[in-house]
Amino acid sequence: MFADLLKRLAAPEPEPLPFDDARLALAALLVRLARSDGDYAQIEADYIEHILRHRYAMAPSEARALLIEAEALEAEAPDTVRFTRAIKDAVPYDDRIGVVEALWAIVLADGVRDEEEDALIRMVAPMLGINDRDSNLARKRVEAQG
């Protein structure tokens, strides 16, 4: 089902993704982060839906459908390193900054800054081309929003 998207993401020099595919890949990355601590809590899934609704101006049913697709894509996606680097090559920088903010929102959604989630975001942000300073600023923006 996702073979074509995964093939394009894994290409040596991936082309920029069409909007719908980029949106799906970024949602799958949020799911991967939420699953990284072995406890994919409902609050995290709900927060991913919330992020998708607001980021992409989606109806609740559309966001739910995208989340279901993202969960399936995440399960089929290659290791985090290749998956994240492929997203970096295929998604514009401004969208990647927004993704790091969304990643921090997922890390902080359940009120616990879990070691596995924290380690994954610290690994993923640079792979997305986001330096530590910008990642920390993104975290602070999310914390300020409460």
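Numbering (this note's numbering), first residue to last: 5 to 150. Virtual Cβ for every residue (Gly too), placed ideally from N, Cα, C.
Exercise. Would you call the stretch 76-85 and the stretch 6-22 touching, i.e. three or more CB-CB distances under 8 Å?
Worked result: For the pair of segments examined, the stretch 76-85 was found to touch the stretch 6-22: the number of CB pairs separated by less than 8 Å reaches three.
For this session: Helix, strand or coil for Tyr60, going by three-state DSSP, please let me know.
Result: Under the three-state reduction of DSSP output, Tyr60 falls in the helix class.
Exercise. Sorted by chain position, which residues of the same chain lie with C-beta nearer than 8 Å to Met62's C-beta, five sequence neighbours on each side aside?
Worked result: Same-chain partners within the cutoff: Leu56, Leu70.
Problem set entry | Pair within 8 Å by beta-carbon distance, Ile134 and Ile101 | Yes, Cβ-Cβ distance for Ile134 and Ile101 is below 8 Å.
Exercise. In this structure, does DSSP put Pro20 in helix, strand or coil?
Worked result: Correct three-state label for Pro20: coil.
Exercise. Can you check whether the CB of Val146 is closer than 8 Å to the CB of Ala109?
Worked result: Closer than 8 Å, so yes.
For this session: Using three-state DSSP, classify Ser65 as helix, strand or coil.
Result: In this structure, Ser65 counts as helix in the three-state DSSP scheme.
Exercise. Smallest Cα separation from Ala74: which of Arg117, Ala29, Asp43?
Worked result: Out of Arg117, Ala29, Asp43, the CA that lies nearest to the CA of Ala74 is found in Ala29.
For this session: Below 8 Å on the Cβ atoms is my guess for Ala65 versus Glu120; work out the distance and round it to an integer in Å.
Result: The question names Ala, but residue 65 in the sequence shown is Ser. Contact between Ser65 and Glu120 fails: their C-beta atoms lie close to 31 Å from each other, not under 8 Å.
Exercise. Is Ala3 helix, strand or coil when you go by DSSP?
Worked result: With the chain running from 5 to 150 in the structure shown, residue 3 is simply not present.
Exercise. Distance, Cα to Cα, Leu77 vs Asp93?
Worked result: Taking the straight line joining both Cα atoms gives about 18 Å.
Exercise. For the candidate residues Leu107, Arg117, Ala148, whose alpha-carbon lies nearest to that of Leu132?
Worked result: Measuring from the Cα of Leu132, the nearest candidate turns out to be Leu107.
For this session: Put Ser40 into one of helix, strand or coil per three-state DSSP.
Result: In the structure shown, Ser40 sits in coil (DSSP, three-state: anything other than H, G, I, E or B).
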